[in-house]
Structures are given as structure tokens and as C-alpha cells.
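Everything in the sequence shown is counted per our numbering, starting at 202 for the first residue and increasing by one.
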Amino acid sequence: MGFLGIVPKVSLFTVPYAVLAFYLNSRLNISFPRFPALGFALLTAGVVFWLLCYRQISKAYRRGELLTTGCYSRVRHPIYSIWGFLIVPGFSLAIGGFMLGLPLVYWLALVKFIGEEEKALAERFGDEWREYTKRTEGFLPGI
């Protein structure tokens, strides 16, 4: 599994849904709530955290190391968490309409494919990965 992990597979579900949601929002005159201020706040926070984590994981990936410090010290998949709890919901709240269903589609796709990534990481890093999984959660600390 490459640097992008399961992102291409998750995108096979989220991108078509987002395109359909944009289309339906533009064609149907249904009043859905929008929360642009909250959406942009979540989106901005998400991008900042994503950049911090991306910087850390890209360095470790180039060195062929399992990253277990920094953003990765408490959860195994902080970038997926940032997208799922901040970026995708922020985008959805800012756009509104049918886009409000995008976070659900994201999480369903992520849960469907995350096992593949964890298996690939176990094969690549062996006991180091297994020990890491014992002391960290998948997406949220303490859950």
C-alpha cells in the first residue's frame, strides 16, 4: 500500500456523492440549513491540523519508519480523523443541502476500508505495529 493508503478507495465513494450533492443542490429548490461560519471555522482548523500531521507523516514515510510520536502518539489515523471530524463536516456545513450527508458517506467508506490499511501496516512493520495498536486508538483518543 502506498503513501495515500486507502484514500483512493474512500474517494470512490465520497467524490461521486459530493458531485451528486452539488448537482441536486443546484437543481432542486429545497431549503436546507447552511452554517457557513461554523463550516469555515472547522475547515480552517482541519487544514491547519492536517498540514501539521502531513508534515510529520511524510518525513517518516520517506525514511520508511512507523510514526508513533507527535500527531500519531495518541491515534493511529489522525489524518483520517481530521478529515472526518473537521474538514469534511466543515465543508458540508458551509455548503449545506445534500452535502450534509457527505460526512456519513466518508465514515462509512473509511470504516469499510481501514482494515486493509491496518493489515498492510502490520505486514510492513510487524511487532512494532502490533505494539503501537495496543497503546493507541484508531480515530479518537480514549475511544
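All residues carry an ideal CB built from backbone N, CA and C; glycine is no exception.
Residue burial is scored here from C-beta neighbours: A238 has fewer than 16 other C-beta atoms within 10 angstroms and is therefore classed as exposed.
Comparing alpha-carbon positions, the option among L309, G206, K210 and V220 lying closest to I296 turns out to be V220. The stretch 310 to 320 and the stretch 206 to 224 touch, with three or more beta-carbon pairs separated by less than 8 angstroms.
Where I296 is concerned, the enclosing alpha helix (DSSP H) starts and stops at V289 to I296. E324: member of the alpha helix (DSSP H) spanning L303 to F326, first to last residue.
By DSSP's assignment, V276 forms a beta bridge with E338. Distances from the CA of P304 to each of K313, F314 and L287 were compared; the closest alpha carbon is that of L287. Collapsing the DSSP output to three states places F236 in coil. Per DSSP, N230 lies in no alpha helix (DSSP H) and is assigned neither H nor E.
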